[in-house]
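Below: one structure, written as structure tokens.
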Amino acid sequence: MDSQQSNNSVQDIFDSSLNLEETHFKEGYDEGYNHGLTTGKEEARQVGLKLGFETGEELGFYKGCVDVWNSAIRVDPTRFSTRVQKGIKQMEELIEKYPVMDPENESIQEIMEALRLKFRVIRAALGVKLEYDGHPKPKDIEF
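Per our numbering, residue 184 is the first one in the sequence shown, and the count goes up by one each step.
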């Protein structure tokens with residue numbers, strides 16, 4: 184065996200070692216990338232469901248308040264001041280305007296902030312201690 188062949192076979196051993204490392208790196212990267220796509224989609228879905236539920240729950244709370252207040256107005260139209268009745272009507276319009284089926288609509292945050300503000304104004308005008316605290320967390324529930 185001449186020295187040229189010996190150098191080539193040593194070179195081949197090192198090349199295959201380097202290629203092996205590159206191959207494993209690429210396989211690991213591809214496997215991690217595909218795993219990330221799969222788990223990322225599921226995590227995004229779970230976060231979306233959670234946030235959607237919380238938003239729906241808050242909208243439902245405000246809708247319930249508006250429905251109760253409107254019932255009180257039907258029973259006794261003089262029950263609330265004109266200003267409070269106007270605020271209730273505005274809350275009702277904001278709830279109807281909320282783009283429930285379009286979660287990427289840019290007006291979502293603006294409408295929700297306006298609803299919260301109207302609710303606080305009406306609550307203060309009525310002098311009631313009514314708050315939306317969100318869905319109770321397990322630590323908030325007492326047995």
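Glycine included, each C-beta is placed from N, C-alpha and C at the ideal position.
Are glycine 270 and isoleucine 305 touching if we call contact CB-CB under 7 Å? Taking C-beta atoms as the reference points, glycine 270 and isoleucine 305 count as a pair closer than 7 Å.
Cβ-based burial, lysine 312 [other Cβ within 10 Å; buried from 16]: Exposed is the call here.
Go to methionine 274, then tell me how far its alpha helix (DSSP H) extends in each direction, as first and last residue. Segment 265-280, the alpha helix (DSSP H) holding methionine 274.
What does the Cβ neighbour count give for aspartate 316, buried or exposed, with the cut at 16 atoms within 10 Å? Exposed, because fewer than 16 other Cβ atoms sit within 10 Å of the Cβ of aspartate 316.
Is it right to say valine 249 is buried, meaning 16 or more other beta carbons lie within 10 angstroms of its own, or is it exposed? With 16 or more neighbouring CB atoms inside 10 Å of its own CB, valine 249 falls in the buried class.
Out of curiosity, what's the CA-to-CA distance linking glutamate 204 and threonine 222? Roughly 27 Å between the two C-alpha positions.
Determine contact between the segment 236-254 and the segment 207-223, defined as no fewer than three beta-carbon pairs at a distance below 8 Å. No, because fewer than three Cβ pairs between the segment 236-254 and the segment 207-223 fall closer than 8 Å, the two stretches do not touch.
Tell me the DSSP secondary structure of serine 290 in three-state form. Here serine 290 sits in coil by DSSP.
What is the rounded straight-line gap between the Cα of leucine 277 and the Cα of leucine 220? Cα to Cα, leucine 277 sits roughly 37 Å from leucine 220.
Sorted by chain position, which residues of the same chain lie with C-beta nearer than 8 Å to arginine 266's C-beta, five sequence neighbours on each side aside? Within the same chain, Ala308 come within 8 Å of arginine 266 by CB-CB distance, once the 5 residues on both sides are set aside.
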